[in-house]
Amino acid sequence: MDLADELIDDLVQVSFAVTAALSRVAAEHDLSLTQLRVLGILRDREPTMAELATHLGLERSTVSGLIDRAVQRGLARKTTHPGDARSVRVSLTTEARRLIPPIVADIGALMEPLTGRLTASEQKRLIALLDKALDH
1 MDLADELIDD LVQVSFAVTA ALSRVAAEHD LSLTQLRVLG ILRDREPTMA ELATHLGLER
61 STVSGLIDRA VQRGLARKTT HPGDARSVRV SLTTEARRLI PPIVADIGAL MEPLTGRLTA
121 SEQKRLIALL DKALDH
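Numbered according to the UniProt record's numbering, the sequence shown spans residues 1 to 136.
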């Protein structure tokens, strides 16, 4: 197997492992994988619905349904922008913020088999490489 094939194979294997772990955590908290992702996005920002749709790579109507369900569950709130009544911002509720620490802990525990074998230096290097690959 050449280098490119090996890299692709390893990335796919890691992707499957991470997706399985995130799906498990989401299910344990009665969330879909996309809802889990939305909570992760909203924990450090309050985007407009349009910004959230762009960030998720989903249609606005799909995101609107996701957020409406999150609002019904008491996990998100929508607020109208003071300067533009058509612009709606989305933020987490106190209840959602209480869910985040145990979710993060659960994800960390399931990621440990992937990251625990790496030294601190290797983890820093992996972070740098992933940031570069993801264009952060």
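Using N, Cα and C, we set each Cβ at its ideal position, and we do this for glycine too.
Check whether residue i and residue j have beta carbons under 9 Å apart
| i | j | result |
| --- | --- | --- |
| His55 | Ile103 | no |
| Asp22 | Leu33 | In the sequence as displayed, the identity of residue 22 is Leu instead of Asp. Yes, they are a contact pair. |
| Gln35 | Arg77 | no |
| Thr93 | Leu75 | yes |
| Ser91 | Thr79 | yes |
| Leu39 | Ile100 | yes |
| Val14 | Leu114 | yes |
As assigned by DSSP and simplified to three states, the class of residue i
| i | result |
| --- | --- |
| His29 | coil |
| Thr79 | strand |
| Asp106 | helix |
| Asp84 | strand |
Residue(s) in a DSSP beta bridge with residue i
| i | result |
| --- | --- |
| Thr48 | Arg89 |
Cβ-heavy atom distance, residue i to the ligand PLP, below 8 Å
| i | result |
| --- | --- |
| Val90 | Summarising the ligand content, the structure contains no ligands, and the ligand PLP is consequently not present. |
Q) Does the stretch 47 to 67 come within contact of the stretch 105 to 114, defined as at least 3 CB pairs closer than 8 Å? A) Look at the beta carbons and you see the stretch 47 to 67 not touching the stretch 105 to 114: under three pairs across the two are nearer than 8 Å.
Q. Would you call the stretch 83 to 98 and the stretch 116 to 134 in contact, with 3 or more CB pairs under 8 Å?
A. As far as the Cβ criterion goes, the stretch 83 to 98 does not touch the stretch 116 to 134, which means the pair count is below three.
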